[in-house]
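In UniProt numbering, the protein residues as written are 1 to 339.
All residues carry an ideal CB built from backbone N, CA and C; glycine is no exception.
What you are looking at is a predicted structure, and each value in this text was computed from that prediction instead of being measured.
Report on the following structure.
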(Lines of atoms letter the chains of each structure in order from A and count residues from 1; the text may use other names and numbers.)
(Lines give C-alpha, C1' and ligand atoms only; values in the text may rest on other atoms or scores of the structure.)
Protein backbone atom coordinates (compact mmCIF):
# COMPACT_ATOMS: atom_id res chain seq x y z
CA UNK A 1 0.00 0.00 0.00
CA UNK A 2 1.45 3.35 -1.05
CA UNK A 3 0.76 6.77 0.48
CA UNK A 4 1.52 10.24 -0.82
CA UNK A 5 0.87 13.88 0.03
CA UNK A 6 1.14 16.98 -2.11
CA UNK A 7 2.07 20.61 -1.46
CA UNK A 8 2.74 23.51 -3.83
CA UNK A 9 4.77 26.70 -3.75
CA UNK A 10 3.70 30.07 -5.05
CA UNK A 11 5.93 32.43 -7.04
CA UNK A 12 7.27 33.89 -3.80
CA UNK A 13 8.42 30.48 -2.59
CA UNK A 14 5.72 30.20 0.06
CA UNK A 15 4.59 26.60 0.60
CA UNK A 16 1.00 25.51 0.96
CA UNK A 17 -0.14 23.10 3.68
CA UNK A 18 0.24 19.42 2.88
CA UNK A 19 -2.77 17.73 1.34
CA UNK A 20 -4.51 14.88 3.08
CA UNK A 21 -2.75 11.57 2.41
CA UNK A 22 -3.90 9.67 -0.67
CA UNK A 23 -3.29 5.98 -1.17
CA UNK A 24 -3.26 3.14 -3.62
CA UNK A 25 -2.46 -0.51 -3.10
CA UNK A 26 -1.13 -3.25 -5.31
CA UNK A 27 -2.94 -6.45 -6.10
CA UNK A 28 -1.36 -9.84 -6.69
CA UNK A 29 1.11 -9.14 -9.48
CA UNK A 30 2.84 -12.49 -10.01
CA UNK A 31 1.60 -16.05 -10.30
CA UNK A 32 3.68 -16.86 -7.22
CA UNK A 33 1.65 -14.32 -5.19
CA UNK A 34 -1.32 -16.68 -5.47
CA UNK A 35 -1.02 -19.23 -2.67
CA UNK A 36 -4.19 -21.15 -3.52
CA UNK A 37 -5.11 -23.61 -6.24
CA UNK A 38 -7.96 -23.69 -8.72
CA UNK A 39 -10.67 -25.86 -7.16
CA UNK A 40 -14.12 -27.16 -8.03
CA UNK A 41 -16.69 -29.81 -7.27
CA UNK A 42 -15.84 -33.48 -7.81
CA UNK A 43 -18.82 -33.92 -10.10
CA UNK A 44 -19.54 -31.70 -13.09
CA UNK A 45 -22.12 -29.37 -11.54
CA UNK A 46 -23.16 -26.31 -13.53
CA UNK A 47 -23.58 -24.14 -10.42
CA UNK A 48 -21.77 -25.62 -7.40
CA UNK A 49 -21.72 -24.15 -3.91
CA UNK A 50 -18.30 -23.96 -2.23
CA UNK A 51 -17.58 -22.97 1.36
CA UNK A 52 -14.95 -22.92 4.09
CA UNK A 53 -14.98 -21.90 7.75
CA UNK A 54 -12.05 -20.47 9.71
CA UNK A 55 -11.42 -18.94 13.12
CA UNK A 56 -10.01 -15.52 14.00
CA UNK A 57 -8.84 -14.76 17.54
CA UNK A 58 -6.99 -11.46 17.03
CA UNK A 59 -7.98 -7.89 16.24
CA UNK A 60 -8.12 -7.28 12.50
CA UNK A 61 -6.31 -4.33 10.92
CA UNK A 62 -7.32 -4.99 7.32
CA UNK A 63 -8.38 -7.82 5.05
CA UNK A 64 -8.50 -8.18 1.28
CA UNK A 65 -10.17 -10.90 -0.78
CA UNK A 66 -8.77 -11.68 -4.24
CA UNK A 67 -11.03 -13.86 -6.34
CA UNK A 68 -11.76 -15.20 -9.79
CA UNK A 69 -14.57 -17.66 -10.40
CA UNK A 70 -15.03 -19.08 -13.88
CA UNK A 71 -17.33 -18.54 -15.61
CA UNK A 72 -19.12 -16.32 -13.02
CA UNK A 73 -19.23 -16.20 -9.24
CA UNK A 74 -20.95 -14.69 -6.22
CA UNK A 75 -18.82 -14.27 -3.10
CA UNK A 76 -20.29 -14.26 0.42
CA UNK A 77 -18.66 -13.71 3.80
CA UNK A 78 -20.59 -14.47 6.97
CA UNK A 79 -23.90 -14.54 5.14
CA UNK A 80 -23.51 -11.28 3.19
CA UNK A 81 -22.73 -10.83 -0.48
CA UNK A 82 -19.42 -9.01 -0.77
CA UNK A 83 -20.47 -6.65 -3.58
CA UNK A 84 -23.41 -5.76 -5.79
CA UNK A 85 -21.53 -6.85 -8.92
CA UNK A 86 -23.27 -9.38 -11.16
CA UNK A 87 -21.98 -11.66 -13.92
CA UNK A 88 -18.46 -11.32 -12.47
CA UNK A 89 -15.75 -11.47 -13.81
CA UNK A 90 -15.87 -9.94 -17.28
CA UNK A 91 -15.23 -12.22 -20.25
CA UNK A 92 -11.71 -12.71 -21.64
CA UNK A 93 -9.89 -15.28 -23.74
CA UNK A 94 -9.25 -17.49 -20.72
CA UNK A 95 -6.24 -19.10 -22.39
CA UNK A 96 -4.55 -15.67 -22.40
CA UNK A 97 -5.94 -13.56 -19.54
CA UNK A 98 -8.19 -14.15 -16.54
CA UNK A 99 -9.66 -11.25 -14.60
CA UNK A 100 -9.70 -11.25 -10.82
CA UNK A 101 -11.30 -8.76 -8.42
CA UNK A 102 -10.08 -7.31 -5.13
CA UNK A 103 -12.52 -6.64 -2.29
CA UNK A 104 -11.96 -4.89 1.02
CA UNK A 105 -13.58 -7.31 3.48
CA UNK A 106 -12.15 -5.87 6.71
CA UNK A 107 -15.55 -5.00 8.15
CA UNK A 108 -17.14 -8.30 7.11
CA UNK A 109 -14.93 -10.46 9.32
CA UNK A 110 -15.30 -10.93 13.06
CA UNK A 111 -13.53 -12.50 16.00
CA UNK A 112 -14.48 -16.13 16.34
CA UNK A 113 -15.83 -18.40 13.63
CA UNK A 114 -16.13 -17.03 10.07
CA UNK A 115 -17.40 -18.46 6.79
CA UNK A 116 -16.49 -17.70 3.19
CA UNK A 117 -18.84 -19.08 0.52
CA UNK A 118 -18.98 -18.93 -3.27
CA UNK A 119 -21.64 -19.85 -5.81
CA UNK A 120 -20.30 -20.55 -9.31
CA UNK A 121 -21.97 -20.46 -12.71
CA UNK A 122 -20.97 -21.48 -16.23
CA UNK A 123 -20.68 -17.95 -17.61
CA UNK A 124 -18.67 -17.69 -20.81
CA UNK A 125 -16.17 -20.28 -19.57
CA UNK A 126 -18.06 -23.57 -19.42
CA UNK A 127 -21.14 -22.98 -21.57
CA UNK A 128 -22.99 -26.12 -22.63
CA UNK A 129 -22.08 -27.08 -26.18
CA UNK A 130 -18.93 -27.14 -28.26
CA UNK A 131 -17.63 -23.58 -28.01
CA UNK A 132 -16.38 -23.48 -24.46
CA UNK A 133 -13.08 -23.20 -22.62
CA UNK A 134 -13.62 -25.65 -19.75
CA UNK A 135 -15.96 -28.46 -18.80
CA UNK A 136 -17.12 -27.12 -15.42
CA UNK A 137 -16.87 -24.02 -13.20
CA UNK A 138 -13.81 -23.46 -11.03
CA UNK A 139 -12.60 -21.07 -8.34
CA UNK A 140 -9.34 -19.39 -7.34
CA UNK A 141 -9.46 -17.18 -4.26
CA UNK A 142 -7.24 -15.84 -1.51
CA UNK A 143 -8.01 -13.73 1.54
CA UNK A 144 -5.06 -11.91 3.12
CA UNK A 145 -5.71 -10.77 6.68
CA UNK A 146 -3.43 -8.44 8.66
CA UNK A 147 -3.82 -8.11 12.42
CA UNK A 148 -3.05 -5.09 14.58
CA UNK A 149 -0.12 -6.92 16.25
CA UNK A 150 1.56 -7.39 12.86
CA UNK A 151 0.65 -11.04 12.37
CA UNK A 152 -0.89 -12.18 9.09
CA UNK A 153 -3.22 -14.96 7.98
CA UNK A 154 -4.17 -16.26 4.55
CA UNK A 155 -7.32 -18.18 3.62
CA UNK A 156 -6.91 -19.76 0.19
CA UNK A 157 -8.66 -22.19 -2.10
CA UNK A 158 -7.50 -25.78 -1.62
CA UNK A 159 -8.99 -29.19 -0.96
CA UNK A 160 -9.96 -28.04 2.54
CA UNK A 161 -13.10 -26.46 1.11
CA UNK A 162 -16.42 -28.32 0.79
CA UNK A 163 -18.73 -28.39 -2.23
CA UNK A 164 -22.33 -29.27 -3.03
CA UNK A 165 -24.93 -28.88 -5.73
CA UNK A 166 -27.31 -25.98 -5.18
CA UNK A 167 -30.69 -24.71 -6.37
CA UNK A 168 -29.46 -23.67 -9.83
CA UNK A 169 -29.70 -26.93 -11.74
CA UNK A 170 -28.87 -25.45 -15.14
CA UNK A 171 -27.53 -22.17 -16.47
CA UNK A 172 -26.61 -20.97 -19.93
CA UNK A 173 -26.15 -17.54 -21.48
CA UNK A 174 -28.49 -18.33 -24.38
CA UNK A 175 -30.52 -21.12 -22.86
CA UNK A 176 -31.41 -19.41 -19.58
CA UNK A 177 -31.43 -20.61 -16.00
CA UNK A 178 -33.35 -23.27 -14.08
CA UNK A 179 -33.78 -22.57 -10.37
CA UNK A 180 -35.32 -25.16 -8.05
CA UNK A 181 -36.10 -23.36 -4.80
CA UNK A 182 -36.74 -26.70 -3.09
CA UNK A 183 -32.98 -27.32 -3.25
CA UNK A 184 -31.98 -24.15 -1.41
CA UNK A 185 -29.63 -24.69 1.53
CA UNK A 186 -30.66 -22.18 4.18
CA UNK A 187 -27.69 -20.65 5.98
CA UNK A 188 -24.98 -22.18 3.80
CA UNK A 189 -23.14 -18.83 3.55
CA UNK A 190 -22.96 -18.41 7.34
CA UNK A 191 -20.63 -19.79 10.00
CA UNK A 192 -21.96 -22.80 11.88
CA UNK A 193 -23.74 -24.36 8.90
CA UNK A 194 -23.58 -28.17 8.95
CA UNK A 195 -21.80 -29.19 5.74
CA UNK A 196 -20.83 -32.65 6.97
CA UNK A 197 -22.70 -34.27 4.06
CA UNK A 198 -20.92 -32.13 1.45
CA UNK A 199 -17.99 -33.43 -0.57
CA UNK A 200 -14.50 -32.02 -0.35
CA UNK A 201 -13.36 -30.02 -3.34
CA UNK A 202 -10.75 -31.18 -5.83
CA UNK A 203 -7.97 -29.23 -7.51
CA UNK A 204 -8.60 -28.26 -11.13
CA UNK A 205 -6.23 -27.48 -13.96
CA UNK A 206 -5.50 -23.78 -14.34
CA UNK A 207 -7.25 -22.27 -17.38
CA UNK A 208 -3.88 -21.21 -18.79
CA UNK A 209 -4.23 -17.44 -18.92
CA UNK A 210 -2.35 -14.87 -16.88
CA UNK A 211 -4.15 -13.56 -13.80
CA UNK A 212 -4.88 -9.85 -14.31
CA UNK A 213 -6.75 -7.41 -12.07
CA UNK A 214 -10.00 -6.34 -13.74
CA UNK A 215 -9.69 -2.61 -14.38
CA UNK A 216 -12.87 -2.19 -16.42
CA UNK A 217 -16.02 -1.26 -14.48
CA UNK A 218 -17.91 -4.30 -13.17
CA UNK A 219 -21.35 -5.29 -14.42
CA UNK A 220 -24.21 -4.22 -12.16
CA UNK A 221 -27.98 -3.84 -12.11
CA UNK A 222 -28.10 -0.18 -13.14
CA UNK A 223 -31.82 0.50 -13.49
CA UNK A 224 -35.25 -0.97 -12.76
CA UNK A 225 -38.21 -0.79 -15.17
CA UNK A 226 -41.81 -1.22 -14.10
CA UNK A 227 -44.27 -2.86 -16.53
CA UNK A 228 -46.28 -0.54 -18.73
CA UNK A 229 -48.79 -3.25 -19.60
CA UNK A 230 -49.90 -6.72 -18.49
CA UNK A 231 -52.08 -8.92 -20.70
CA UNK A 232 -53.60 -12.39 -20.53
CA UNK A 233 -53.66 -13.43 -24.21
CA UNK A 234 -54.28 -17.10 -23.50
CA UNK A 235 -55.51 -19.21 -20.60
CA UNK A 236 -52.64 -19.61 -18.13
CA UNK A 237 -50.34 -17.25 -20.07
CA UNK A 238 -49.48 -13.70 -18.98
CA UNK A 239 -47.35 -11.21 -20.92
CA UNK A 240 -45.61 -8.21 -19.37
CA UNK A 241 -44.53 -5.25 -21.51
CA UNK A 242 -41.58 -3.34 -20.01
CA UNK A 243 -41.84 -0.53 -22.55
CA UNK A 244 -38.43 -0.82 -24.24
CA UNK A 245 -35.79 -3.34 -25.23
CA UNK A 246 -32.86 -3.79 -22.85
CA UNK A 247 -30.42 -6.41 -21.58
CA UNK A 248 -30.93 -8.00 -18.19
CA UNK A 249 -33.63 -10.10 -16.56
CA UNK A 250 -36.91 -10.03 -14.67
CA UNK A 251 -37.34 -10.06 -10.91
CA UNK A 252 -40.56 -11.94 -10.16
CA UNK A 253 -42.68 -12.60 -7.08
CA UNK A 254 -44.49 -15.91 -6.63
CA UNK A 255 -46.84 -17.46 -4.10
CA UNK A 256 -48.08 -20.96 -4.63
CA UNK A 257 -47.81 -24.68 -3.91
CA UNK A 258 -44.49 -26.47 -3.61
CA UNK A 259 -43.27 -28.02 -6.85
CA UNK A 260 -45.09 -25.71 -9.30
CA UNK A 261 -42.79 -25.08 -12.29
CA UNK A 262 -43.14 -21.64 -13.86
CA UNK A 263 -41.81 -20.98 -17.37
CA UNK A 264 -40.38 -17.50 -17.94
CA UNK A 265 -39.84 -16.57 -21.59
CA UNK A 266 -38.15 -13.43 -22.92
CA UNK A 267 -38.37 -11.70 -26.29
CA UNK A 268 -38.01 -8.32 -27.98
CA UNK A 269 -41.29 -8.78 -29.87
CA UNK A 270 -44.82 -10.15 -29.67
CA UNK A 271 -47.19 -11.29 -32.39
CA UNK A 272 -49.62 -8.38 -32.85
CA UNK A 273 -52.55 -10.67 -33.58
CA UNK A 274 -52.21 -13.11 -30.68
CA UNK A 275 -50.28 -11.01 -28.16
CA UNK A 276 -47.96 -13.97 -27.48
CA UNK A 277 -44.18 -13.77 -27.62
CA UNK A 278 -42.55 -13.85 -31.04
CA UNK A 279 -39.67 -16.28 -30.46
CA UNK A 280 -38.46 -16.57 -34.05
CA UNK A 281 -35.19 -14.81 -33.22
CA UNK A 282 -34.76 -16.91 -30.05
CA UNK A 283 -36.30 -20.35 -30.62
CA UNK A 284 -37.41 -22.18 -27.49
CA UNK A 285 -35.78 -23.11 -25.19
CA UNK A 286 -33.43 -20.16 -25.78
CA UNK A 287 -34.03 -17.07 -23.61
CA UNK A 288 -36.15 -19.08 -21.18
CA UNK A 289 -35.82 -19.42 -17.41
CA UNK A 290 -37.61 -21.90 -15.16
CA UNK A 291 -38.49 -21.46 -11.50
CA UNK A 292 -39.74 -24.27 -9.27
CA UNK A 293 -41.52 -23.09 -6.14
CA UNK A 294 -40.62 -24.29 -2.66
CA UNK A 295 -44.10 -23.44 -1.36
CA UNK A 296 -43.22 -20.65 1.07
CA UNK A 297 -46.54 -19.31 2.45
CA UNK A 298 -44.96 -15.85 2.76
CA UNK A 299 -44.16 -15.79 -0.95
CA UNK A 300 -40.98 -16.16 -2.98
CA UNK A 301 -38.85 -13.86 -5.13
CA UNK A 302 -36.61 -14.91 -8.00
CA UNK A 303 -34.17 -13.20 -10.32
CA UNK A 304 -31.47 -15.03 -12.33
CA UNK A 305 -27.82 -15.04 -11.30
CA UNK A 306 -25.98 -16.66 -14.19
CA UNK A 307 -27.75 -15.68 -17.39
CA UNK A 308 -29.09 -12.54 -19.05
CA UNK A 309 -31.55 -11.78 -21.83
CA UNK A 310 -32.25 -9.13 -24.48
CA UNK A 311 -35.97 -8.40 -24.15
CA UNK A 312 -38.91 -6.08 -23.83
CA UNK A 313 -41.60 -8.68 -23.13
CA UNK A 314 -41.76 -11.41 -20.48
CA UNK A 315 -44.21 -14.28 -20.84
CA UNK A 316 -45.17 -16.30 -17.75
CA UNK A 317 -46.65 -19.78 -18.16
CA UNK A 318 -48.07 -21.91 -15.35
CA UNK A 319 -47.88 -19.01 -12.91
CA UNK A 320 -49.72 -19.92 -9.68
CA UNK A 321 -52.73 -17.66 -9.41
CA UNK A 322 -53.10 -14.38 -11.26
CA UNK A 323 -50.05 -12.08 -11.40
CA UNK A 324 -50.32 -8.32 -11.00
CA UNK A 325 -48.14 -5.55 -12.46
CA UNK A 326 -46.37 -5.29 -9.10
CA UNK A 327 -45.23 -8.93 -9.28
CA UNK A 328 -42.57 -8.27 -11.93
CA UNK A 329 -39.80 -5.76 -12.53
CA UNK A 330 -37.26 -5.48 -15.33
CA UNK A 331 -33.62 -5.26 -14.20
CA UNK A 332 -31.29 -3.42 -16.58
CA UNK A 333 -27.82 -4.97 -16.52
CA UNK A 334 -24.62 -3.52 -18.02
CA UNK A 335 -21.15 -2.29 -17.09
CA UNK A 336 -21.27 0.40 -14.42
CA UNK A 337 -20.01 3.25 -16.60
CA UNK A 338 -21.03 6.88 -16.28
CA UNK A 339 -23.53 7.90 -18.95
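Find the nearest neighbour of residue 134 within the set 186, 258 and 121, judged by alpha-carbon distance. Taking the first residue of the chain shown as 1, we reach residue 134 at position 134. Of the candidates 186, 258 and 121, the one whose C-alpha sits nearest the C-alpha of residue 134 is 121.
On a Cα-Cα basis, can you pick out the residue from 77, 144 and 263 that is closest to residue 27? Here residue 27 is taken as the residue at index 27 of the chain shown, counted from 1. Closest option to residue 27, judged by alpha-carbon separation, among 77, 144 and 263: 144.
Considering only their Cβ atoms, is the gap separating residue 38 from residue 138 smaller than 8 Å? In the chain shown, the residue the question calls residue 138 occupies position 138. In the chain shown, the residue the question calls residue 38 occupies position 38. Yes, the Cβ-Cβ distance between residue 138 and residue 38 is below 8 Å.
Roughly how many angstroms separate the alpha carbons of residue 202 and residue 45, rounded to a whole number? What you label residue 202 is simply residue 202 of the chain shown in a count that begins at 1. What you label residue 45 is simply residue 45 of the chain shown in a count that begins at 1. Going by the C-alpha atoms only, they are around 13 Å apart.
Whose CA, out of 291, 294 and 265, lies closest to the CA of residue 280? Counted from its first residue, the chain shown places residue 280 at position 280. That would be 265, whose Cα lies nearest to the Cα of residue 280.
Relative to the C-alpha of residue 228, which candidate in 185, 326, 109 and 149 has its C-alpha closest? Sequence index remark: in the chain shown, residue 228 carries index 228 (1-based). Nearest C-alpha to residue 228: 326.
Classification of residue 312 by the beta-carbon crowding that lies within 10 angstroms, buried from 16 upward: Within the chain shown, numbered from 1, the residue matching residue 312 stands at position 312. By the 10 Å Cβ count, residue 312 comes out buried.
Cβ shell of residue 66 (< 6 Å), same chain only, five flanking positions each side left out: The sequence position of residue 66 within the chain shown is 66, counting from 1. Cβ within range, chain order: 28, 100, 102 and 142.
Buried or exposed: where does residue 129 fall if 16 or more other Cβ atoms within 10 Å of its Cβ makes it buried? Numbered from its first residue, the chain shown carries residue 129 at position 129. The residue in question, residue 129, is exposed, as its Cβ has fewer than 16 Cβ neighbours within 10 Å.
Three or more C-beta pairs closer than 8 Å, one from the segment 186-203 and one from the segment 159-169: is that the case here? Yes: the two stretches touch, three or more of their Cβ pairs being nearer than 8 Å.
Hey, could you find the ends of the beta strand (DSSP E) residue 102 is sitting in? Start at 1 with the first residue of the chain shown, and residue 102 comes out as number 102. Counting along the chain, the beta strand (DSSP E) containing residue 102 begins and ends at 97-104.
Check this for me: beta carbons of residue 175 and residue 118, under 8 Å apart or not? Taking the first residue of the chain shown as 1, we reach residue 175 at position 175. Taking the first residue of the chain shown as 1, we reach residue 118 at position 118. No, the pair does not count as a contact, with Cβ atoms beyond the cut-off.
Paired residues, beta bridge with residue 289 - DSSP: What you label residue 289 is simply residue 289 of the chain shown in a count that begins at 1. 264.
Cβ-based neighbour list, residue 177, same chain, cut-off 8 Å, excluding 5 preceding and 5 following: The residue given as residue 177 occupies position 177 in the chain shown. Counting only residues of its own chain and dropping the five nearest sequence neighbours on each side, residue 177 has a CB closer than 8 Å to the CB of 168, 170, 171, 289, 290, 304, 305, 306 and 307.
In whole angstroms, what separates the C-alpha of residue 88 from that of residue 12? Taking the chain shown and counting its residues from 1, one reaches residue 88 at position 88. Taking the chain shown and counting its residues from 1, one reaches residue 12 at position 12. If I take the Cα positions, the gap works out to 53 Å.
I'd like the ranges of any beta strand (DSSP E) spanning at least 3 consecutive residues and lying wholly in the segment 199-248. Qualifying beta strand (DSSP E) stretches, in chain order: 210-213, 219-225 and 229-234.
Locate the beta strand (DSSP E) running through residue 116, then write down its first and last residues. Taking the chain shown and counting its residues from 1, the one referred to as residue 116 is at position 116. Per DSSP, residue 116 belongs to the beta strand (DSSP E) from 112-121.
Thinking residue 23 and residue 62 are a contact (beta carbons under 8 Å), I'd like their distance in whole angstroms, please. The count along the chain shown starts at 1 and reaches residue 23 at position 23. The count along the chain shown starts at 1 and reaches residue 62 at position 62. At roughly 12 Å, the Cβ-Cβ gap does not stay under 8 Å, so residue 23 and residue 62 are not in contact.
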